[in-house]
Amino acid sequence: MSLFGRIFLLNALVLVIAAMLLVFGPATVSTPAPLREVLVLAAGLVVMLIANAVLIRVGLAPLGRLTRAMTTIDLLKPGPRLRATGHGEIAELITTFNSMIDRLETERGYSSAIALSAQESERRRVAQELHDEVGQSLTAVLLSLKRVADQSPQETREELLQVQETTRSTLDEIRRIARRLRPGVLEELGLVSALKALTREIGDPAGLTIKRSFDKNLPALDAETELVVYRVAQEGLTNAVRHAKADEIELTLTARPSEVELRLRDNGRGIGDSQEGAGIRGMRERALLVGADLTVGPMLKGTEVRLVVKAKGEGE
Numbered sequence: 001m002s003l004f005g006r007i008f009l010l011n012a013l014v015l016v017i018a019a020m021l022l023v024f025g026p027a028t029v030s031t032p033a034p035l036r037e038v039l040v041l042a043a044g045l046v047v048m049l050i051a052n053a054v055l056i057r058v059g060l061a062p063l064g065r066l067t068r069a070m071t072t073i074d075l076l077k078p079g080p081r082l083r084a085t086g087h088g089e090i091a092e093l094i095t096t097f098n099s100m101i102d103r104l105e106t107e108r109g110y111s112s113a114i115a116l117s118a119q120e121s122e123r124r125r126v127a128q129e130l131h132d133e134v135g136q137s138l139t140a141v142l143l144s145l146k147r148v149a150d151q152s153p154q155e156t157r158e159e160l161l162q163v164q165e166t167t168r169s170t171l172d173e174i175r176r177i178a179r180r181l182r183p184g185v186l187e188e189l190g191l192v193s194a195l196k197a198l199t200r201e202i203g204d205p206a207g208l209t210i211k212r213s214f215d216k217n218l219p220a221l222d223a224e225t226e227l228v229v230y231r232v233a234q235e236g237l238t239n240a241v242r243h244a245k246a247d248e249i250e251l252t253l254t255a256r257p258s259e260v261e262l263r264l265r266d267n268g269r270g271i272g273d274s275q276e277g278a279g280i281r282g283m284r285e286r287a288l289l290v291g292a293d294l295t296v297g298p299m300l301k302g303t304e305v306r307l308v309v310k311a312k313g314e315g316e
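Just so you know, we're using the UniProt record's numbering here: the sequence shown kicks off at 1 and counts up by one.
Dropping the structure here:
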């Protein structure tokens, strides 16, 4: 039965019962109506309205659940689907809503995969150009400065040496940026070595104390999953330094049966009630791409980032 039919039937049922009570009941209405009859009619009207409201409320309760789900759903935090309770159009509406969310999650995952793949390709291109073009140019400048400094008088040589040191620092910074854009260590030496290099690269300049703990004999991960773990760790460490103002971070990589867990804890100021920024949402998108579970939440002091990924060949 349609929603209109159900509401019409409920109202008709209440009105028919009220009419039968008036026809077959002992109550009568005089003209003019005395106070006793007015009170009886008022009480009957109140009972009719209450019964009508209760019946309609019960019939429309699934729509209330659907409305709450529509206002709170987040495609980056997949959750269980609504049960298609109710009758007729209500159950059909809930089923259609669930199908729409499934399609949106699939399309978002596909679009995110394309966007992140293009982002990684662009990062590799930029890193390669920084290393090959800019890096080589600055190296040539350093050699030229050294040659000129060796042939210059003492007072000019000191200035040239300062310029040489500035150029060398710039070259080191460019190489550091290139490594962040394209983690060559990840491709060549694996995830654990890449995370160790990442903690040194981020922690040493900022004066951070980073406690690392990596299990041995970790389950094998495919290249895409390893990159997701690396990027989540990179974003978590960067957030702890830039936003949380932490001075101590704990990074662990734990082996589980057919899974690997990355856990990052800091003693910073925490995320509090603030909304998630682009960095955390980017981590969620990456986690969804490989079917991983990501949780970001506050602790008594600081923030915890927890990522659980499936080992190679699991969940396929």
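Glycine included, each C-beta is placed from N, C-alpha and C at the ideal position.
Residue j beta carbon less than 8 Å from that of residue i
i: Val232; j: Arg286; result: yes
i: Glu261; j: Arg306; result: yes
i: Leu253; j: Val192; result: yes
i: Ala197; j: Glu259; result: no
i: Ser112; j: Leu288; result: yes
i: Leu142; j: Thr166; result: no
i: Ser94; j: Leu66; result: Correcting the residue identity first, residue 94 is Ile in this sequence and not Ser. Cβ atoms of Ile94 and Leu66: closer than 8 Å.
i: Tyr230; j: Ala194; result: yes
i: Ile174; j: Val134; result: yes
i: Arg108; j: Arg182; result: no
Endpoints, beta strand (DSSP E) assigned at residue i
i: Gly297; result: Asp293 to Pro298
i: Ser259; result: The identity of residue 259 in the sequence shown is Glu, whereas the question assumes Ser. Segment Glu259 to Asp266, the beta strand (DSSP E) holding Glu259.
i: Val308; result: Thr303 to Lys310
i: Arg212; result: Thr209 to Phe214
i: Ala253; result: The identity of residue 253 in the sequence shown is Leu, whereas the question assumes Ala. Taken as a continuous stretch (DSSP letters only), the beta strand (DSSP E) holding Leu253 covers Glu248 to Arg256.
From the options, residue whose alpha carbon lies closest to that of residue i
i: Ile50; options: Val192, Leu15 and Pro80; result: Leu15
i: Asp102; options: Gln119, Leu82, Val290 and Ser144; result: Leu82
i: Leu138; options: Ser121, Ser169, Glu120 and Arg124; result: Ser169
i: Val47; options: Ile17, Pro62 and Gly64; result: Ile17
i: Phe97; options: Pro62, Arg124 and Gln151; result: Pro62
i: Lys216; options: Ala84, Asp172 and Ala255; result: Ala255
i: Val58; options: Leu221, Arg36, Arg182 and Ile90; result: Ile90
i: Ala140; options: Leu21, Leu171 and Leu35; result: Leu171
Beta-carbon contacts of residue i that lie in its chain and below 7 Å, excluding the five residues immediately before and after
i: Thr225; result: Val290 and Val309
i: Met283; result: Val232, Glu235 and Leu294
i: Asn239; result: Gly279
Where the alpha helix (DSSP H) through residue i begins and ends
i: Val134; result: First-last for Val134: undefined, no H or E at that position.
i: Leu161; result: Gln154 to Leu181
i: Glu235; result: Ala223 to Arg242
i: Leu82; result: Careful: Leu82 lies outside any alpha helix (DSSP H) and carries neither H nor E.
i: Ala287; result: Ala278 to Leu289
i: Gly184; result: Gly184 to Leu189
Chain-order list of residues whose beta-carbon lies under 6 Å from that of residue i (same chain, five-residue window excluded)
i: Val228; result: Arg286 and Val290
i: Ile7; result: none
i: Leu237; result: Ile202
Check: Within the chosen definition, does the segment 151 to 166 reach the segment 206 to 213 through at least 3 CB pairs nearer than 8 Å?
Finding: Between the segment 151 to 166 and the segment 206 to 213, the count of C-beta pairs closer than 8 Å stays below three; the two stretches do not touch.
Check: Counting Cβ pairs closer than 8 Å, one from the segment 126 to 141 and one from the segment 187 to 204, do we hit at least three?
Finding: With the rule of 3 Cβ pairs closer than 8 Å, the segment 126 to 141 does not count as touching the segment 187 to 204.
Note to self: I'd like to know if the segment 141 to 153 and the segment 102 to 119 are in contact, where contact means that at least 3 CB-CB pairs between them fall below 8 Å.
What the structure shows: No, they do not touch.
Next item on the list: Pair every Cβ in the segment 295 to 303 with every Cβ in the segment 252 to 268, then say whether three or more of these pairs are closer than 8 Å.
Entry: With the cut-off at 8 Å, the segment 295 to 303 and the segment 252 to 268 touch.
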